[in-house]
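Top to bottom, those sequences are chains C and X.
Read in order, the letters of the first sequence correspond to residues 39 to 397 in my numbering.
Read in order, the letters of the second sequence correspond to residues 39 to 397 in my numbering.
The beta carbon of each residue, even a glycine, is placed where N, CA and C say it ideally should be.
2 protein chains.
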Amino acid sequence: MGRYDLALIGFGGVNRALAELIAHSGERLAKELGFALRVVAITDLRAGSLVDTDGIDLVPLLAAEPGELSFADLAGGSAEPRNEWVIREVPADIVVEATFTNPTDGEPALSHVRWALESGKHVTTTNKGPVALAGRTLKRLAAERGLGFEYEGSVLSGTPVLRTAERMFGGLQISGVEGVMNGTSNYILGRLEEGVDLAAAIAEAQAHGYAEADPTADVEGHDVRLKVMILANEVLGANLRREDVFCEGIRAITPDVVRDAASKGLRWKLVGSATRHEDGSVDARVAPVALPAHHPLAGVSGPANAVAFHTDLLGTVTVSGPGAGRVETAYALLSDIIAIHQRHAGDDARPALQETHRV
Amino acid sequence: MGRYDLALIGFGGVNRALAELIAHSGERLAKELGFALRVVAITDLRAGSLVDTDGIDLVPLLAAEPGELSFADLAGGSAEPRNEWVIREVPADIVVEATFTNPTDGEPALSHVRWALESGKHVTTTNKGPVALAGRTLKRLAAERGLGFEYEGSVLSGTPVLRTAERMFGGLQISGVEGVMNGTSNYILGRLEEGVDLAAAIAEAQAHGYAEADPTADVEGHDVRLKVMILANEVLGANLRREDVFCEGIRAITPDVVRDAASKGLRWKLVGSATRHEDGSVDARVAPVALPAHHPLAGVSGPANAVAFHTDLLGTVTVSGPGAGRVETAYALLSDIIAIHQRHAGDDARPALQETHRV
Chain C
39 MGRYDLALIG FGGVNRALAE LIAHSGERLA KELGFALRVV AITDLRAGSL VDTDGIDLVP
99 LLAAEPGELS FADLAGGSAE PRNEWVIREV PADIVVEATF TNPTDGEPAL SHVRWALESG
159 KHVTTTNKGP VALAGRTLKR LAAERGLGFE YEGSVLSGTP VLRTAERMFG GLQISGVEGV
219 MNGTSNYILG RLEEGVDLAA AIAEAQAHGY AEADPTADVE GHDVRLKVMI LANEVLGANL
279 RREDVFCEGI RAITPDVVRD AASKGLRWKL VGSATRHEDG SVDARVAPVA LPAHHPLAGV
339 SGPANAVAFH TDLLGTVTVS GPGAGRVETA YALLSDIIAI HQRHAGDDAR PALQETHRV
Chain X
39 MGRYDLALIG FGGVNRALAE LIAHSGERLA KELGFALRVV AITDLRAGSL VDTDGIDLVP
99 LLAAEPGELS FADLAGGSAE PRNEWVIREV PADIVVEATF TNPTDGEPAL SHVRWALESG
159 KHVTTTNKGP VALAGRTLKR LAAERGLGFE YEGSVLSGTP VLRTAERMFG GLQISGVEGV
219 MNGTSNYILG RLEEGVDLAA AIAEAQAHGY AEADPTADVE GHDVRLKVMI LANEVLGANL
279 RREDVFCEGI RAITPDVVRD AASKGLRWKL VGSATRHEDG SVDARVAPVA LPAHHPLAGV
339 SGPANAVAFH TDLLGTVTVS GPGAGRVETA YALLSDIIAI HQRHAGDDAR PALQETHRV
């Protein structure tokens, strides 16, 4: 059985959940998937970096409280994250990038992905930034090197949205895509429907841990905008920049407006959408929309998000599922690793490097 | 570029729609998919059979009214369907089975599939019968011969349900599956919600062409039962017979019950479901259920159907899309052919027969 050695970049909730999965279910997964997973490096802004090319023992790391974790005193450890050195120099097969997204320039995740591909490693990331802002460049780099670059988790966590578009719609012409892709704003709109005002609903979302301390990205639609860019570029063949996507958030929506709409059977949702026109051009936007009850996105509520694909032969097909969550997003990483395995196992173009540390 | 020669068994709405797709969009599809499609045989209960191993000219056939079509006077034609002879003897790569389903014994579709596999041909079918009642046997036969046996259209027409389960959930444990999988009963329940009584709602469904002259299979849940069997067997590894599936239709549901539930935010749906227990056993049932508004199947209305998968790491993922329709079901056949191509192109185990008539 083959094995992939992983370098985990970022050790927050998502990569910890992946590590838990490997530590606790690794044997079962290996039996099912036909390959084993081993972690050979971890970096984290706060904990530092840890390298063991014979495989890191994850159990004690997972037993520590996240905030308490420090790699400095461990063998192979350092108080510094040393991201570039770890990504470039540690002999891993796959770099698993799950740091924070900077929505303006995609850094530092963008550099992490580039360093990995430049040094001959496959990449999976949950980060929207690099995919939305530099997806085309990074995909070209990966293709040139014969490497995998997968990012299912950048849209709707592990819910198979990008992979559905890629693998399930052969022969179809997709004319548009639209989604409810931000749980926080969807929660807030649901609370407005119940008569809670915007400020109180935002505070509630923060108290529940849905919204960040600064809820701007959720409420103003900036989070959705990056996801729309990814969908438009991946599914409709566009090459959009941020400024190409009209973006209006939900700040102007009042409980009265939402409740009045609900009384008429309409549900307000923050919808990100992209449409391909006859001439091949693609329009994309983020805006609150009052959807009729029969619209496939009207019923999306609770923790679920959804993306609807509009096609020629099949009409509308909608995939809904979790939009966030640490385990759900860790599954996105696992699904990416499976995709990398399916495409690259037995691939002679893989660098010779990897042969030395595979079982 | 390779080419697949098709034998179309049944020339009703679905296979006609596939023929239209080949006739009108064949070149575009070939460019996208990397293979061409050609029809070398057609059989139909009413029209007879038509064989041309150099490729049938579909355009004049499609110009004729379906009821007027007769193959008897055409070169290579006969007034008899001659299904067994065509399936066994005509040198086709793929048999496209789209006749009617007999829900009790799966015939004649079951024999069509078996004959095709026995004579070395891949099969795609839209028929629930053979899949629900003999899927395991037919899959084994296909595997033994190194042939493809695909049937995405047996559940929710071309909406990718079976293929999503097969390809998108690697590494997940699926504990259950449930769906709204019958458009007629869903339409009727919607009308009950609006105060129409059952008999009138059935008559409307018939007038709209949703329900057959005998609406029993839809209203009593027998149609959904076959789909539940397919899902349970495919997705949960069960091996259910018809009598293993509890089946209750919607005849006992009254407008009062449905409207009373709606006033409490509940939506009655005819739900087919299957659950896997800890010991590996699988329970399956069809019954009307009052779903809370936030349930992923509660909002399924109009022509859409949906199937929800309950998983360990991802929670619930739902795929919704068309449940019927001639073009939508023809797309299921195309998606099956794509799947056969992906799995078997360049496969040395393919019978030598095919080499003689591929480009």
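Three-state secondary structure (DSSP) of residue i
i      : result
C:R225 : It should be noted that the sequence gives Tyr, not Arg, for residue 225 of chain C. Correct three-state label for C:Y225: helix.
C:D321 : strand
X:A312 : strand
C:I288 : coil
X:V132 : The sequence shown places Ile at residue 132 of chain X, not Val. Here X:I132 sits in strand by DSSP.
C:V355 : strand
X:T197 : coil
X:A57  : helix
X:E216 : strand
X:G48  : coil
X:S108 : coil
X:T394 : The pLDDT assigned to X:T394 is 35, lower than 50, so where the model puts this residue is not dependable, and the model offers no usable value.
X:P389 : Low local confidence applies: a pLDDT of 40 at X:P389 is under 50, so the model's placement there is unreliable, with the coordinate-based value given in what follows. Coil, per DSSP.
C:I94  : coil
C:S87  : strand
X:D173 : Reading the sequence as shown, one finds Gly at residue 173 of chain X and not Asp. Three-state DSSP puts X:G173 in a helix.
C:T142 : coil
Beta-carbon spacing of residue i, residue j below 8 Å
i      : j      : result
X:V345 : X:L269 : yes
X:T175 : X:V357 : no
X:T137 : X:V151 : no
C:I378 : C:E182 : no
X:K166 : X:T142 : no
C:F73  : C:R120 : no
C:L227 : C:V283 : no
C:M219 : C:L236 : no
X:L200 : X:E118 : no
C:N343 : C:G221 : yes
X:A370 : X:E232 : no
C:V320 : C:L274 : yes
X:G208 : C:I376 : yes
C:V97  : C:L44  : no
X:L171 : X:L155 : no
X:L329 : X:K302 : no
X:G359 : C:V355 : yes
Beta-carbon proximity list for residue i, same chain, < 6 Å, skipping 5 on both sides
i      : result
X:S108 : A85
X:R126 : W153 and S157
C:E258 : G287
C:I80  : L46, F49 and L88
X:H160 : I132, L185, G186 and I378
DSSP beta-bridge partners of residue i
i      : result
X:R41  : X:A74
X:R305 : X:L329
C:T163 : C:E135
X:E188 : X:T162
X:H246 : Answer is none; X:H246 lacks a bridge partner.
C:V283 : C:A322
C:A346 : C:E216 and C:T356
X:A81  : Inspection of the sequence shows that residue 81 of chain X is occupied by Thr rather than by Ala. DSSP, once it has assigned bridges, lists X:I47 and X:S87 as partnering X:T81.
C:S398 : Outside the shown range of chain C (39 to 397) lies residue 398 of chain C, about which nothing can therefore be said.
Proximal residues to residue i (C-beta, below 7 Å), its chain only, five neighbours per side dropped
i      : result
X:L351 : L210
X:A239 : I226, R229 and L230
C:C177 : What sits at residue 177 of chain C in the sequence shown is Lys, not Cys. Closer than 7 Å at Cβ, skipping near neighbours: F187.
Cut-off 8 Å between Cβ atoms - residues of its own chain near residue i, not counting five sequence neighbours on either side
i      : result
C:V234 : E242 and P293
C:L391 : Per-residue confidence for C:L391 stands at a pLDDT of 36, beneath the threshold of 50, marking its modelled position as unreliable; the derived number appears in the next sentence. Excluding positions up to five away in sequence, the list reads P129 and G158.
C:V124 : A45, I47, A79, T81, S87 and V89
8 Å Cβ cutoff, residue i in contact with chain D
i      : result
C:P168 : No chain D appears in this structure, whose protein chains are C and X.
Within 8 Å of chain C by C-beta, residues of the region 364-384 of chain X in sequence order: V365, E366, A368, Y369, L372, S373 and I376
Tell me which residues of the region 329-355 of chain X have at least one Cβ-Cβ distance to chain C shorter than 7 Å, keeping chain order. H332, P334, A336, G337, S339, G340, A342, L351, L352, G353, T354 and V355
Please name the residues in the region 280-304 of chain C whose beta-carbon is closer than 9 Å to at least one beta-carbon of chain X, in chain order. none
Closer than 7 Å, Cβ to any Cβ of chain X: which residues of the region 217-228 of chain C, in chain order? none
Cβ-based contacts, 7 Å cut-off: residues of the region 64-89 of chain C near chain X: L67, E70 and L71
If contact means a Cβ-Cβ distance below 7 Å, which residues of the region 123-151 of chain X contact chain C? none
Listed from N- to C-terminal order along the chain, which residues in the region 92-126 of chain C have their beta-carbon within a distance smaller than 9 Å of any beta-carbon of chain X? none
Closer than 9 Å between beta carbons: that is the criterion. Which residues of the region 183-197 of chain C meet it against chain X? S195, G196 and T197
Any C-beta of chain X within less than 8 Å: which residues of the region 40-62 of chain C qualify? L59
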